[in-house]
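To convert, count from 1 in the sequence shown and add 1197; that's this note's numbering.
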Amino acid sequence: MTAGSSQAGMVHSPNGQPVPLQDGINGYVNDSGADLSALLQQQSPQHPATLDPEESMDTDEDVEEDVPASSTGGSGRSHIQLWQFLKELLDNNKKYGSCIRWLDRQEAIFKIEDSVRVATLWGERKNRPQMNYDKLSRSIRQYYNKNIMKKTERSQRLVYQFCAPYGQ
């Protein structure tokens, strides 16, 4: 048998040494109790390695991510961007007017009144419990270069403007 191949109860280590396996609670373990599931998956064509989407190195992770299916009302997962989420909040003034509101709807200028609550709501929507306003505002700043949002001409704290056509 060659290095990397396996048979029932046996797997070969990367250096070619045979390693006996036992069926353990968390997968396969060798006689010393070490979990060898990862090694077995690397060697088994039936179990190709998969990349966990949470391990992605996407720098815009807070700008566009998956939304749990339960929040979309459909099957599978959909994408929502932060600017779309902010517009949802703005369009529901009755419920969210205390944390975010339009200053000038025609010019698409709005103010975040309660940055902690807006960040918490975004974190809940994205299933990111560690979300805070620092992270959310970094995502907003990324929108400046993409011409989705900008600071107003007379810069004010927590006041932003959607660029056309995003503000319509």
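By construction, the Cβ of each residue, glycine as well, lies at the ideal position given by its N, Cα and C atoms. Quick caveat: nothing in here was measured; it's all calculated off a predicted structure.
So, Ser1336 versus Leu1283, is the Cβ gap smaller than 8 Å?
In this structure, Leu1283 does not lie closer than 8 Å to Ser1336 by Cβ.
Below 8 Å, how does it come out for the segment 1297-1315 and the segment 1352-1361: are there three or more Cβ pairs, yes or no?
Verdict: yes, contact present.
Determine, using beta carbons only, whether Ser1352 and Tyr1330 come nearer to each other than 8 Å.
Contact: no.
Could you tell me which residues DSSP puts in a beta bridge with Met1346?
Bridge partners of Met1346: Phe1359.
Which of the three DSSP states is assigned to Lys1323 in this structure?
Coil.
Does Tyr1293 pass the burial test, meaning 16 or more other C-beta atoms within 10 Å, or should it be called exposed?
In summary, Tyr1293 is buried, with 16 or more beta-carbon neighbours lying within 10 Å of its beta-carbon over all protein chains present.
Beta carbon of Trp1319 nearer than 8 Å to that of Leu1300
Result no, Cβ atoms of Trp1319 and Leu1300 do not sit closer than 8 Å.
Is Gln1278 helix, strand or coil when you go by DSSP?
Correct three-state label for Gln1278: strand.
How many Å lie between Ser1295 and Asn1289 at the Cα?
The C-alpha of Ser1295 lies about 11 Å from the C-alpha of Asn1289.
How close, in whole Å, do the beta carbons of Ser1287 and Val1315 come, if the pair is a contact with beta carbons under 8 Å?
Checking the sequence, you will find Leu at residue 1287 rather than Ser. A Cβ-Cβ distance of about 10 Å is found for the pair Leu1287 and Val1315, leaving them out of contact under the 8 Å criterion.
Put Ser1295 into one of helix, strand or coil per three-state DSSP.
Of the three classes helix, strand and coil, the one that applies to Ser1295 here is coil, per DSSP.
Asp1301, DSSP secondary structure in three states:
DSSP places Asp1301 in strand when its eight states are reduced to three.
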